[in-house]
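Numbering (numbering that gives the first Met the number 0), first residue to last: 0 to 263.
In this text, a Cβ means the ideal position worked out from N, Cα and C, and glycines have one as well.
Given the structure is predicted, the values throughout are model-derived calculations rather than measurements.
Taking it in order: structure first as structure tokens, then the write-up.
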Amino acid sequence: MPEGHTLHRLARLHQKRFGRAPVVVSSPQGRFADGAAAVNGQVFKRASAWGKHLFHHYDGGRVVHIHLGLYGTFTEAVTPLGLPVGQVRMRLVGAEYGTDLRGPTVCELLAEPEIADVVARLGPDPLRKDADPGLAWSRINKSRRTIGALLMDQSVIAGVGNVYRSELLFRHHIDPYRPGTHVGQDEFAAMWTDLVELMKVGVRRGKIVVVRPEHDHGAPSYGPGRPRTYVYRRAGEACRVCGATVRTAELEARNLFWCPDCQV
Ligand SMILES: [Zn+2]
């Protein structure tokens, strides 16, 4: 599943491609036909992201809310676009570029004030300037759930997925099974600061980069073009730092990866 940096990158891209000009919006597949008709021909004001949620803001106070889920993708092309291929939920066409959205979990029309209802369910997003890490800390500090589960909970921190979760805990030597109540405030503060920096790198480079140069050796994590990681998808391989065998286990239906020696 795309993590928060991907959505912020899409928001920037869409703003650059379509911002402040009228766009043609359609739903070739038909499932977003009414929503598309409501914003078709309107001025695309701006795009924004909060965690894994993307918002297209239109003149007149309408907003298209998108969550890619596991399978959603945007495919961009220069205009004129060819005939839609496959199940295109939304086609957005500007002067020079167009993009096709396929397979999202959510693609819905909202009124601007309804964004607050979506955001109310989300924790602070490390990539937003208005993020308040104190909200995440107050939830973690009170919870007996494991820190590994808490970091994946979008109502605690918005935008963190499995790769950033596993890697952040490794970088801070924290056992993913430690309860939230046993994470120190200084440990949380250091993790948050690191997460903000790592996710900014993710936005800038368009991929997750978490391995420090001095540890960037050995076998790739799991294939070309995928992130090099300390532990994510490296189960059974040697820890890049201490040589112990990286472990994996299922936690709340997602695979967790950690080094039993580096993380306590
Ligand atoms: Zn290790």
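**OP:** Leaving out five residues on either side along the sequence, give the residues of the same chain with a beta carbon under 8 Å from the beta carbon of Ala237.
**Re:** Gly217, Ala243, Thr244 and Val245
Subject >> Pro254 in three-state terms, based on DSSP >> reply: Looking at the sequence provided, one finds Asn at residue 254 rather than Pro. DSSP places Asn254 in strand when its eight states are reduced to three.
Original post:
So which of Arg239, Val240 and Phe256 has the shortest CA-CA distance to Thr247?
Top reply: Phe256
**OP:** Report whether the distance from the Cβ of Ala243 to the nearest heavy atom of ligand 1 is below 7 Å.
**Re:** yes
Original post:
Considering only the beta carbon of each residue, do Leu109 and Gly158 sit closer than 8 Å?
Top reply: Cβ distance not < 8 Å, so Leu109 and Gly158 don't count as in contact.
Original post:
What's the C-alpha gap between Val92 and Val42?
Top reply: 12 Å
Original post:
Skipping 5 residues on each side, what residues in its chain have a beta carbon closer than 8 Å to that of Met0?
Top reply: Lys51, Leu67, Gly68, Leu69, Gly160 and Asn161
**OP:** Provide the residue(s) that pair with Cys106 in DSSP beta bridges, ordered along the chain.
**Re:** For Cys106, the beta-bridge partners assigned by DSSP are Ile65.
Subject >> Check: Val240 C-beta below 7 Å from any heavy atom of ligand 1 >> reply: yes
Subject >> Where the alpha helix (DSSP H) through Tyr163 begins and ends >> reply: Asn161 to Arg170
Subject >> Strand pairing of Thr74, partner residues [DSSP] >> reply: Asp99
Original post:
Considering only C-alpha positions, which residue in the set Asp260, Asp215, Thr228 and Glu196 is nearest to His324?
Top reply: In the structure as shown, the chain begins at 0 and stops at 263. Residue 324 is therefore absent and cannot be evaluated.
Original post:
Looking at the unbroken beta strand (DSSP E) that takes in Ser137, where does it start and where does it end?
Top reply: Segment Pro132 to Lys141 is the alpha helix (DSSP H) holding Ser137; no beta strand (DSSP E) there.
Original post:
By Cβ distance below 7 Å, which residues in the same chain neighbour Phe187 in space, the five residues on each side in sequence not counted?
Top reply: These residues qualify, in order along the chain: Trp136 and Ile139.
Original post:
With respect to the alpha helix (DSSP H) encompassing Leu194, which residues constitute its N-terminal and C-terminal limits?
Top reply: Gln184 to Arg204
**OP:** Measure the Cβ-Cβ separation of Thr72 and Gly97 and say whether it is below 8 Å.
**Re:** In this structure, Thr72 sits away from Gly97, with a CB-CB distance that is not shorter than 8 Å.
Subject >> Ala10 to Lys128 span [Cα, whole Å] >> reply: 15 Å
Subject >> From Gly183, Ala36, Thr74 and Leu80, residue whose alpha carbon lies closest to that of Ser265 >> reply: The chain is shown only over 0 to 263; residue 265 falls outside these bounds and no answer can be derived.
**OP:** State the DSSP-derived secondary structure class of His52, mapped to helix, strand or coil.
**Re:** strand
Subject >> Inter-residue spacing [alpha-carbon to alpha-carbon] between Glu95 and Val263 >> reply: 53 Å
Original post:
Comparing the CB of Asp260 with every heavy atom of ligand 1, is any distance shorter than 7 Å?
Top reply: yes
Original post:
Fully enclosed by the region 3-58, which beta strand (DSSP E) runs are 3 residues long or longer?
Top reply: 23-25, 42-49 and 52-57
**OP:** Check the C-beta distance from His24 over to Asn39 and give it rounded, since I have them as a contact under 8 Å.
**Re:** The displayed chain sequence assigns Val, not His, to residue 24. Confirmed, about 5 Å.
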